[in-house]
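S.K.:
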Amino acid sequence: MYSGASEIAREVDAAFYWIGGICVALLIGITAVMVYFVIRYRRARSPQAAHIEGSLPLEIGWIVVPTILVLFMFFKGYEGFKLMRTVPEDAQVVEVVGQRWFWTFIYPEQGITSDRLYAPVGKPMKLEMTAPVDDVVHSLYLPAFRVKEDCVPGRKSYLWFQPEQEGRYHIFCAEYCGKDHSRMITELVVLSPEKYQAWLQRKVEDRNKPVVMAQAMDPESAEIKERDGAALFKTYCVSCHGAEGLGGLVENARNFTSLADWKRSPKITDIYRTLELGIEGTQMRSFSNLPPWDRFALAHHVAAFYKGSDRPQASPEEVEQLNKDFRLGEKQEPRRTIPIEQAKKAYVEDAGGG
Amino acid sequence: MADGGTTSTDLHGAAGAAHAGGYDPMAAKMGMWLFLFTEVLLFGALFIVYGVYLHGFTWQFQQGSARLSIPVGAVNTAILLTSSLTMALAIAALQRARPARARRLLFATVGCAGAFLVIKAFEWAGKFAHGVYPGAAFLLEQSKGEIVFFGLYFTMTGLHALHVLVGVPVILWAGRRIRSGAISPEHSVFLENAGLYWHLVDLIWIYLFPLFYLIS
Amino acid sequence: MDAAAGAAAPNYLRAGKGLASWLTTTDHKRIGILYLIAILVFFLFAVCLGLMIRLELFSPGEQFVGNQGYNRILTLHGITMIFLFIIPSVPAVFGNFFLPIQIGANDVSFPRLNLASWYFYIGGGLFALGSVILGGVDTGWTFYIPYSADTADNVYLPILAAFILGWSSILTGLNFIVTVHRLRVPSMPWFRMPLFVWALYATSWIQILATPVVGITLLLILLERFLGIGIFDPAKEGDPVLYQHLFWIYSHPAVYIMVLPAMGIVSEIVPVFCRKTIFGYKFIAISSLAIAGIGSLVWGHHMFTSGMADLERIVFSLLTFLVAIPSGVKVFNWLATMYKGSIRLATPFLYALAFIFLFSVGGFTGLLQGALSTDIHIHDTSFIVAHFHYTMFGGGGVMFFGALHYWFPKMFGRTYCESVARWAFALFFVGFNCLYFPLFLAGLAGMPRRYADYLPEYLVYHRISSIGSWILVAGIVLMLANLLRALFKGERAGRDPWGGATLEWTVPSPPPTHQFAAPPVVTRGPYEYARERASG
Amino acid sequence: MNAPAQEGHLVPCSVYVWVWAALLCLTAVTVSAKYADLQHLAIFAALLIATVKAGLVVLYFMHVRFEKPIFAVMILVLLATYGIYIGLTFVDYANR
């Protein structure tokens, strides 16, 4: 077992030791008695069986004693559970969206998102979780903290934990969600409060960095090169479009190595547009939570799958139109353009309607 | 029957008859009841779904209910209740050794079933014409709870209508077997079981009617 | 002595010739054999799938079937093992064969319905296999919504398969309940019934009261896919968690459909091989009903992380613990039966001992899952996989084979090679623990279930487990080969090779079609030995 | 149990007719109750009336009143089980 990384983990481990200890003791007892009887009363040594029909006191005994034991076990389990469900008042809220097959962690105060969960040491973190209404059930599982809760499409759930030391911890999807279920793995990165603040700061700046269209359209520009389009592609795109960009891993996932039949055109501007808006009626959803520069890096990576030289280029007017449509050149206010707006709206309506 | 109704708690007496390959109506009836239990739970699961969503979407369910016609539902209820009466009377007639009367009552039951289905068909057709069916554009524009309401309405009344439909050939077959003498006052368990089935269909409707038509 | 009886009336195996005489038979014994053949075929098919799962998990990374292939194999393994093997195994084979004999009847109450159940079973099985031909299904055997309404795979066939198999199961249960009520010989009151009959009676009630719920729920998935009725669709504000409720309302009690009959067989085998009456007969009998009853109160423990209300989780946790008590009562009574017995360590008894051990492991680990805080950690990890294989396979599966060894001489009139049977058992037992025990540890370390791929730190558990699977399969193959050989070359078995006292041991081996010319007269309890014969 | 000679309790046809009349009356009551302003009690009133009707059908049309007690016991088992299904499901939905 992982070493316990928080108070909840210690509480759960204590329950494991209590319940498991009682169980192991009983199991050993039962097995030992069984083996002893088999040896002691084997036919060679005990040719004639005694006639015993039963014993009421014994029966009552092995009904009453186990009842007390299991009630104790229930109580042990309940204690830890109560702790898990009682979120401290000062907990920092992070919103979590599980999608096929990646996680998005939203820091609502800063308006930023991340594909990894970052947390400062010592701060209780409350995860408010959901999944888009057109997605499936996922389950966020932090083994080191012994916590797990399902992300149900269109509904909200929560869990909380309090990291006590810096480090990296696995986050798994525990509810079967289809093809790449076993790859829906990410990390919790626990930082010192100072490093955490610095990380937040960097993310916010990145999010708001105005786009210089000339550089953004140029795959060789320093800014684009610096952002690792390949890594982004691996996180967000591979499970449907494949490492080779051939697509087809889910229904209608586009093949990037061909120029035929694009819903929008294969120009960088239109790839960007798709990343911003998603494609209605398909599993291609909006990635507008990513910083704009990241999206351009991603668009260039996607475009590079086509090796021919006859890729259509965006005209200057189209570039300008894109700039205008999404106000890319302006310094942006922290905003919450996140792919799960839809899911959240549905949830709010649901809560209001119910 | 070896059973003879002499003991009230123990029902093992029929073994002798069964060993002779005998006729054991009590076994047949018990089997029928157990089968009906599964039917009750089949619908029962849907009633649980209904209850959960009524709890969550009370207002939307009322809206949906307002789109259904109470007179139509009430008339259909009366028709089904009447069919249950004719069914019970048919069994009573057979037990009094009046097979012709029993058959007439069975035909009346089938007639009621037919009337019920025809009215139901018109009702559904009316809904379809107004764009109320699963996946219809009109319905999709309504509140989400109403979509669920009509999803349940069509599922549950559809499943119920299917049971009515299945009941018709069973009853007709019973009528035929009365004529051929295979069902007689001494060997009437087939008819009795058909009756049990028919009453269950009625019983389910007794719940469907208020839950769908009367909550607006 | 049974030669004389055999000459008088041909045994049921020889009562008719040709395939047609089998496919149209209404003899409960022949139907039991039909089930046995079909169930073993499906079992071996699912074992192959299980081997493929273990091969894929032999090392991290994609081995040979890939993610999607793995998911499909896993689904089919689950569907086949649960719906086609473990649920029907003991009731449909041994229940059909022995329930009427044990209560002194010549057949079940509705013999034709019994045959129809078998055809339902075969039909459902073909539907399940048909889904393989159409490329497989990747929903997992639980068909969780919204995934099952969303996947591109063809889920119609396996869902229809499960639905049809559900009816097969219901009709068998219905038949048994009526048979027990109506066809017991007059001299056998309820508390003289063999405990196997008690267990089947309780099981039958679960089959009737739980199966319809899942039947209609699965049909709702089809309606969802076909018509978009929106009942479970989150985009239309349907609730996926409600599906889980309805699914587990059946599928938790189904666990007891799988294991109660196995417990019944243990209760048969233990007294016979201890030459001693069963300890606490009434408590074991009643505990079967208690398990069936409490079993319908605990389904929510499959959903502790699903987002149910907190209070609901607490209630279900508490109720879950109650079901441990009647199971414990059975185990303690079996142990007490061995006390001062005269134990003969024959193969069926070895299987019974293995059941007690393996089921105890499964049961005790179940307590860790019933407790809330610990379950939240191990839920949906390979701990659960290990747990339910210990209870289902270590319980239901092991006693299926235990029963096969116990009743083989009665069913086929021949005995198998005892020493080979023991070797096969040893391989089986070692392989079983080697296969499943490491998964407990992997689960405690956080290894999620249904993962086609895993992080390198879990390698050692998976490696041992995969090796265990080969040992287990070797044991199964050896066991079945031994039985197959016995079928043709085994020594003739007498009427009562083990010295059993229940009614099936009073008829010839194999029994004639009408085993009782006249209703037998039962004058004592089913396991009273000490007063009569000294040895078997 | 069906042969008249053994049964000893042929139910008079008038009983069936009376039950039928009662059922129709209750249907009328339940429809008119809808128009009475019962607020959220309406659904419980409707269910109560439906249950009375169902009871009449089961006891008289389906003959449970005249059968051996085992049938009533079995029906109670069914109702208890179904009650558990509903009850435990609603523990969840009433506390979300």
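Protein chains in written order, with the working numbering: chain V, 177 to 530; chain Y, 7 to 222; chain W, 1446 to 1981; chain B, 1153 to 1248. Just so you know, even glycine gets a beta-carbon here, dropped at the ideal spot from N, CA and C.
Give the straight-line distance between the Cα atoms of V365 (chain V) and L318 (chain V), rounded to the nearest whole angstrom.
M.R.: Between V365 (chain V) and L318 (chain V), the C-alpha separation is close to 12 Å.
S.K.: At least one CB of chain V closer than 8 Å to the CB of G1725 (chain W): is that the case?
M.R.: By this cut-off, G1725 (chain W) is an interface position.
S.K.: So, does the CB of F215 (chain Y) fall closer than 8 Å to a CB anywhere in chain W?
M.R.: F215 (chain Y) does not count as touching chain W.
S.K.: Does any CB atom of chain Y fall closer than 8 Å to the CB of I1615 (chain W)?
M.R.: Judged by the 8 Å Cβ criterion, I1615 (chain W) is in contact with chain Y.
S.K.: Assuming contact is defined by CB atoms lying nearer than 8 Å, are A1607 (chain W) and L1654 (chain W) in contact in what I supplied?
M.R.: For A1607 (chain W) and L1654 (chain W), no; Cβs fall outside 8 Å.
S.K.: Please identify the residue among W:V1760, W:F1692, W:W1915, W:G1891 whose C-alpha is closest to the C-alpha of F1877 (chain W).
M.R.: Among W:V1760, W:F1692, W:W1915, W:G1891, the Cα nearest to that of F1877 (chain W) is on W:W1915.
S.K.: Alpha helix (DSSP H) containing T1596 (chain W): first to last residue?
M.R.: Note, T1596 (chain W): premise wrong, no alpha helix (DSSP H); not H, not E.
S.K.: Ignoring anything shorter than 4 residues, give me the alpha helix (DSSP H) runs that lie fully in the segment 1800-1843 of chain W, in order along the chain.
M.R.: For the segment 1800-1843 of chain W, whole alpha helix (DSSP H) runs of length 4 or above, ordered along the chain, are 1817-1823, 1827-1833.
S.K.: I'd like to know whether the C-beta of A1979 (chain W) is nearer than 8 Å to at least one C-beta of chain B.
M.R.: Note on A1979 (chain W): pLDDT 42, under 50, position unreliable in the model; no value is reported.
S.K.: Whose C-alpha, out of W:F1809, W:D1755, W:G1841, W:P1965, is nearest the C-alpha of L259 (chain V)?
M.R.: It is W:D1755.
S.K.: Are the C-beta atoms of T207 (chain V) and some chain W residue less than 8 Å apart?
M.R.: So yes, T207 (chain V) belongs to the interface.
S.K.: According to the neighbour-count rule (16 or more other Cβ atoms, all chains shown, within 10 Å of its Cβ), is H477 (chain V) buried or exposed?
M.R.: H477 (chain V) is buried by the Cβ-count criterion.
S.K.: Applying a beta-carbon distance threshold of less than 9 Å, which residues of chain D neighbour I76 (chain Y)?
M.R.: Judged by its chain identifiers, the structure shown contains no chain D, and its protein chains are V, Y, W and B.
S.K.: Using the Cα positions of V1715 (chain W) and T1470 (chain W), report the straight-line distance between them to the nearest angstrom.
M.R.: Looking at the two C-alpha atoms, the distance is approximately 33 Å.
S.K.: Can you say whether P488 (chain V) is buried or exposed, counting buried as having 16 or more other CB atoms within 10 angstroms of its CB?
M.R.: Per the 10 Å Cβ criterion, exposed.
S.K.: Three-state secondary structure (DSSP) at I1460 (chain W)?
M.R.: Looking at the sequence shown, residue 1460 (chain W) is not Ile but Ala. Here A1460 (chain W) sits in coil by DSSP.
S.K.: Which one of B:D1189, B:C1177, B:L1230, B:H1192 has the shortest CA to CA distance from I212 (chain Y)?
M.R.: Considering only alpha carbons, the answer is B:C1177.
S.K.: Using a C-beta cutoff of 8 Å, does H1690 (chain W) count as contacting chain B?
M.R.: It does; some Cβ of chain B falls within 8 Å.
S.K.: Please classify Q377 (chain V): is it buried, with 16 or more other beta-carbons within 10 angstroms of its beta-carbon, or exposed?
M.R.: Flag for Q377 (chain V) reads exposed.
S.K.: Who are the neighbours of T243 (chain V) on chain W, taking C-beta pairs under 7 Å?
M.R.: Neighbours of T243 (chain V) on chain W, chain order: I1770.
S.K.: Go ahead and pull the three-state DSSP assignment for E271 (chain V).
M.R.: Three-state DSSP puts E271 (chain V) in a strand.
S.K.: At 7 Å on the CB atoms, spell out the chain V contacts of Q1513 (chain W), in chain order.
M.R.: The answer, in chain order, is K355.
S.K.: Would you give the residue range spanned by the alpha helix (DSSP H) that I1729 (chain W) belongs to?
M.R.: Here the alpha helix (DSSP H) through I1729 (chain W) covers 1726-1739.
S.K.: Could you name the residues of chain B that S90 (chain Y) contacts, counting a contact when the two beta carbons are closer than 7 Å?
M.R.: Neighbours of S90 (chain Y) on chain B, chain order: V1209, F1213.
S.K.: Out of Y:A114, Y:E192, Y:G164, Y:V176, point me to the one whose CA is closest to K126 (chain Y)'s CA.
M.R.: Of the listed residues, the one whose Cα sits closest to K126 (chain Y) is Y:G164.
S.K.: Using a Cβ-Cβ cutoff of less than 8 Å, which residues in the same chain neighbour W469 (chain V) once the five nearest sequence positions on both sides are dropped?
M.R.: Answer for W469 (chain V): D382, K385, V387, A392, E399, I400, R403, listed in chain order.
S.K.: Quick one, are the C-beta atoms of S368 (chain V) and P467 (chain V) less than 8 Å apart?
M.R.: For S368 (chain V) and P467 (chain V), no; Cβs fall outside 8 Å.
S.K.: On a CA-only basis, which of W:E1501, W:L1628, W:D1820 is nearest P1965 (chain W)? Give me that one, please.
M.R.: Ranking the options by Cα distance to P1965 (chain W), first place goes to W:L1628.
S.K.: Might you give, ordered along the chain, the residues of its own chain that have their beta carbon closer than 6 Å to the beta carbon of G256 (chain V), omitting 5 neighbours on each side?
M.R.: E187, V188, A191, listed in sequence order.
S.K.: Looking at C-alpha atoms only, which residue of V:K371, V:T262, V:Y412 is the closest neighbour of S462 (chain V)?
M.R.: For S462 (chain V), the nearest C-alpha among the options comes from V:Y412.
S.K.: Output needed for I1238 (chain B): all residues of its chain with C-beta closer than 7 Å, excluding positions within five of it in sequence on either side, in chain order.
M.R.: Cβ within range, chain order: n/a, list empty.
S.K.: Should the segment 1783-1793 of chain W be regarded as contacting the segment 218-235 of chain V, the criterion being three or more beta carbon pairs within less than 8 Å?
M.R.: As far as the Cβ criterion goes, the segment 1783-1793 of chain W touches the segment 218-235 of chain V, which means the pair count is three or higher.
S.K.: What residues in its chain sit with their C-beta under 6 Å from that of S1741 (chain W), if we drop five residues either side in the sequence?
M.R.: Closer than 6 Å at Cβ, skipping near neighbours: P1698.
S.K.: Going by CA-CA distance only, name the one from Y:L74, Y:A51, Y:L87, Y:A72 that's closest to V1210 (chain B).
M.R.: Among Y:L74, Y:A51, Y:L87, Y:A72, the Cα nearest to that of V1210 (chain B) is on Y:L87.
S.K.: For a contact meaning CB atoms closer than 7 Å, what does R1248 (chain B) contact in chain W?
M.R.: The contacting residues are A1754.
S.K.: Evaluate the contact criterion for the segment 1565-1576 of chain W versus the segment 1643-1660 of chain W: three or more CB pairs, one atom per stretch, below 8 Å.
M.R.: No, because fewer than three Cβ pairs between the segment 1565-1576 of chain W and the segment 1643-1660 of chain W fall closer than 8 Å, the two stretches do not touch.
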